[in-house]
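2 protein chains.
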Amino acid sequence: MLRLSKLTDYATVILSFMARDNAQMHAAMEIASITGIALPTVSKILKLLVNAKILISTRGAKGGYELARTPTEISIAAVISALEGPIALTECSISQQGCEQASGCEIRGNWNLINQTIHNALESVTLADMIRPTRSQDLAWKQEVLIPVASLYR
Amino acid sequence: MLRLSKLTDYATVILSFMARDNAQMHAAMEIASITGIALPTVSKILKLLVNAKILISTRGAKGGYELARTPTEISIAAVISALEGPIALTECSISQQGCEQASGCEIRGNWNLINQTIHNALESVTLADMIRPTRSQDLAWKQEVLIPVASLYR
DNA sequence: TTAAATAGTACTAGAATAGTCCTCAATTAT
DNA sequence: ATAATTGAGGACTATTCTAGTACTATTTAA
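Chains as they are written, first to last, in the numbering used here: chain X, 1 to 154; chain L, 1001 to 1154.
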C-alpha cells in the first residue's frame, strides 16, 4: 500500500548518488550508466527534478545536472511531490456533492490531518539522512513516534 | 502521491458508518444504499475486511456484517493493509542483485525506517478517531510532529 | 422448502504508469 | 563559424493495475 511510483524510487536512487559526491556536475548518461537505469527514463526524471528546483541543469557540452541545494536542505517530501504531485492519501476531491449525499464524509477532515502528519514526517527526512548508513538494530526511535491525530482530541 | 486506492477510501467510509451505530448488524445492501456505493463494490470490500478480521460476517437470512472489535481497537493501518496489502512505500524488493549492482541501494534500509514511521503513525489512528468531528482550526498538534528518522543519527 | 444473505472466483473495461523516441535549443571547443 | 555535446519539451505506446461487475455456491432463518 501507499505505493510510491517506481519513478520516485529511481529518483531517490539518483539523488542519493549525486549527494554522495557533492559539488559535481553529472551528465544524464553518466547517471544512467552508474545507476543502471535506462537513459530515457533517467532523463525524464532529471527533467522533473529540475522543474521542481531540486536540481539545476546546465546545457551544452560539459553540461549536466547538479543539486540545487545541499543534501540537508532537500527533503524527501520535496522529491516525492516533484514526481507525483501534491502529497495526499485520498482523492476525496471527487465532487463534494457526492460526499454530502453519502453518509460517511465527515471523515474528510480527519484524512486531511493524517495527510498532514505523514507529510510532516516526510518533510523531516532529508537526502542527507538517506545516504547515511542504516542501523536497523537501533530501534530507540520507535519510542518517539507520535500519536498526532489522537492528540487532537485531548 | 502516496495514493490509497478508492477501495480503501470507500472502506473507511463504510467502516465509519458502521462504527457510528455500533453493535448493529448491517447487510451489504443496506450499506450500499446508505453510502451510495454500488452493491457489488461494497460486497467486495466487505469480504476483504472479513478476511482481515476487521469485520465478522453472518450468513443466511438476517445475516450481515458487524465490527469484530470496538472502533477504538481498529487502526487505520489495519484497514489499509486489509485492502492493499503490507504497508510499504517502495517495492525495492525487485531482485536484490539488481540493487547491489546499482550504486544507490544502501538507501533501502532508510526507506524501511520511513515506512515504519508512517506505519506507526497510521497505527495510532483508530476508527474512533475518524468519526469524531474535525477541528481543522486547531493546529496545536502540528508542534508535536516528530522527526523520527533524523533522531536515529543523534 | 424457500427466501435472504454472504463466500468465492473469474472476468472486462478503463485508467494510469513506465518507458521510449524525436526534434529543438544552448553551450563549449576547435 | 562550425561541429559536437548536452539538456528541454512534448508526443506516443505498451503494459500493468484498478475498479467495477457478474455468476455460482453455501449457509441460515422462517
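Ideal Cβ positions, reconstructed from N, Cα and C, are used throughout, including at glycine. As the structure is a computational prediction, the values presented were derived from the model and not from experiment.
Beta-carbon proximity check, residue i vs residue j, cutoff 7 Å
i	j	result
S1075(L)	Y1065(L)	no
L7(X)	I45(X)	yes
M1130(L)	N112(X)	no
Residues of its chain near residue i, where Cβ-Cβ distance is below 8 Å and the 5 sequence neighbours each way are ignored
i	result
A82(X)	A11, L48, L49, N51, A52 and I54
Q1101(L)	Here Q1101(L) scores only 44 on pLDDT, less than 50, and its place in the model is too uncertain to base an answer on.
T35(X)	Y10, V13, I14, F17 and V42
S124(X)	S75
Q1097(L)	With a pLDDT of only 40 at Q1097(L), under 50, the local geometry of the prediction cannot be trusted, and no value is derived from it.
Limits of the unbroken alpha helix (DSSP H) element including residue i
i	result
V13(X)	K6 to R20
A78(X)	I76 to E84
T35(X)	A28 to T35
M130(X)	L127 to M130
Residue i burial status per 10 Å Cβ neighbour count (16 or more: buried)
i	result
C92(X)	With a pLDDT of 49 at C92(X), under the threshold of 50, the modelled position of that residue is not reliable, and the figure given next carries that caveat. C92(X) comes out buried.
R1059(L)	exposed
A61(X)	exposed
Q1024(L)	exposed
D21(X)	exposed
I94(X)	Bear in mind that a pLDDT of 33 at I94(X), under 50, signals an unreliable position, so the model cannot answer this.
Beta-carbon proximity list for residue i, same chain, < 7 Å, skipping 5 on both sides
i	result
L1039(L)	A1028, M1029 and A1032
R160(X)	Beyond the ends of chain X as shown, which are 1 and 154, falls residue 160(X); an answer cannot be given.
S1005(L)	L1083 and E1084
Proximal residues to residue i (C-beta, below 6 Å), its chain only, five neighbours per side dropped
i	result
L1127(L)	L1015, A1019, P1071 and I1074
V1042(L)	A1028, I1031 and A1032
L122(X)	I76 and A77
- Note down, one range per segment and in chain order, each alpha helix (DSSP H) of at least 4 residues found wholly within the stretch 1039 to 1066 of chain L. 1039 to 1051
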